[in-house]
Amino acid sequence: MSVDTPRRIVLLRHAKADWPQVSDHERPLAERGRSDAPVAGRRLAETGIGFDLALCSTAVRTRETWKLAVHELPERPRTVYEDRLYEASLGELIALLNDVPDEVSDLLVIGHNPGMHALADALAGRAEGDTATRMNRSGFPTSAFAVLTFDGSWKSVEHGVGTLVDFWTPHD
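In this note's numbering, the protein residues as written are 1 to 172.
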C-alpha cells in the first residue's frame, strides 16, 4: 500500500461508565453504556468502513465498549489493546498514530476524553458541512465517534492534516 493512500481514522469514545469504588482504570460500563455501545457499533457498521486495525485502551470501560460494539461490525478487525491510550496527552496520541504501520488504511481508536476530542479537533484542518460545529457543541460525549480522512503515511500525521467527514453521537 502506497504512503499516498487515502486513510481514515475513526475516534470512538468509550460508552458511559459507572463510578464504583474501584480505580479509574478498572471502572466498568454503566447500564446506559452497555446499551449505547452496540448502537455505536451498528452506526460504525453503517459507515461502510472496513477497519484494518482497532487500537483499544486497556481500561475496563474501553474494552467493554469494544466487546459490545465489535459484534455489530460485518468483520472483526485485528485488535491491539494499547496501554498508551489510557490518560494519553494529545502529543502521545499523535505519536501513537505515527507508529501505525502503513499497510493500515482504516484505523479505529477506542479511547477516552479529553483525548479523543482533542485529537479529532487537532487533526481536522478542514471539516465537511457542520461536522466540526456539531462535534465542538456536543463536547464529544460517551459513545460518540469522529471520522477523519487524510492522505499520506501514518508517520506524517500531525495537526491539521485531516478532514473531519463525520461525527455521530448516540443521544442527539
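In this text, a Cβ means the ideal position worked out from N, Cα and C, and glycines have one as well.
- Assignment of serine 105 by DSSP, reduced to helix, strand and coil, places it in the coil class.
- Taking the Cα positions, aspartate 24 is about 26 Å away from tryptophan 168.
- By the Cβ rule, the segment 140-154 counts as touching the segment 110-129, because three or more pairs are nearer than 8 Å.
- Rounded to the nearest whole angstrom, the CA to CA distance from leucine 44 to alanine 54 is 12 Å.
- Counted as a single uninterrupted DSSP element, the alpha helix (DSSP H) harbouring glycine 115 occupies residues 115-123.
- For glutamate 128, DSSP records no beta bridge to any residue.
- In the DSSP secondary-structure assignment, tyrosine 86 is not bridged to any residue.
- Collapsing the DSSP output to three states places glycine 111 in a strand.
- Membership of leucine 164 in the beta strand (DSSP E) is indicated by the continuous run 162-168.
- Sixteen is the threshold: when 16 or more other Cβ atoms of the shown chains lie within 10 Å of the Cβ of aspartate 166, as they do, the residue is buried.
- If only complete runs of 3 or more residues are kept, the segment 36-89 shows the beta strand (DSSP E) at 53-57 and 78-82, in order along the chain.
- With a contact defined as Cβ atoms closer than 8 Å, leucine 148 and threonine 163 qualify at about 6 Å.
- Taken in chain order, the unbroken stretches of beta strand (DSSP E) that lie wholly in the segment 130-162 and span 3 residues or more are 145-151.
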